[in-house]
Amino acid sequence: MHRFKDLEIWKKSRLFCSEIYSITSKFPESEKFGLVNQLRRASVSIPSNIAEGSSRNSNKDFTRFLQIAIGSAYEIETQLLIASDLKFINQQEVISLLKNLESIIKMISKFKSTLK
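Residue numbers (my numbering): 14 to 129.
Below, the structure is given as structure tokens:
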């Protein structure tokens, strides 16, 4: 069992979640139940799955939850690109968020490879 609060991947993904909440607060009200909801749920999913997986008794189970977190990250990437296409966020914001997201994905992948 791992202490999720000590994991850098959990800390970084939690901060990223706050960034997503901040950026989506500027989206049009009409997107409250669309992209805003999707982005927020997927961003919450990353640290949540890391935390839940850390409580499992085997590395195999933890690895499965880390894979789900990575899936949520790719979901966010797609949604950010769509939000950019729709002009809900500017190019600089997208680049910054995607850079942070890529870093999180790499960290999770590297950590996941140590569990095998």
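For every residue, glycine included, the Cβ atom is placed at its ideal position computed from N, Cα and C.
From residue i to residue j, what distance separates their C-alpha atoms?
| i | j | result |
| --- | --- | --- |
| Ser116 | Ile83 | 11 angstroms |
| Ile33 | Arg53 | 6 angstroms |
| Arg16 | Ile59 | 16 angstroms |
| Ser109 | Ala86 | 14 angstroms |
| Leu128 | Arg77 | 11 angstroms |
| Ala64 | Ser56 | 13 angstroms |
| Glu88 | Ile81 | 10 angstroms |
| Asp98 | Thr91 | 11 angstroms |
| Leu20 | Leu93 | 26 angstroms |
| Leu79 | Lys100 | 31 angstroms |
| Lys18 | Phe75 | 15 angstroms |
| Asn50 | Ser35 | 13 angstroms |
| Lys123 | Ser68 | 19 angstroms |
Go ahead and label residue i buried or exposed: buried means 16 or more other beta carbons lie within 10 angstroms of its beta carbon, across all protein chains shown.
| i | result |
| --- | --- |
| Leu48 | buried |
| Ile125 | Note that residue 125 is Lys in the sequence shown, not Ile. Lys125 comes out buried. |
| Asn70 | exposed |
| Ser61 | buried |
| Ser26 | buried |
| Phe46 | exposed |
List the endpoints of the continuous alpha helix (DSSP H) containing residue i.
| i | result |
| --- | --- |
| Pro60 | Leu48 to Ser67 |
| Arg77 | Asn72 to Asp98 |
| Ser122 | Gln104 to Thr127 |
| Phe29 | Glu21 to Thr37 |
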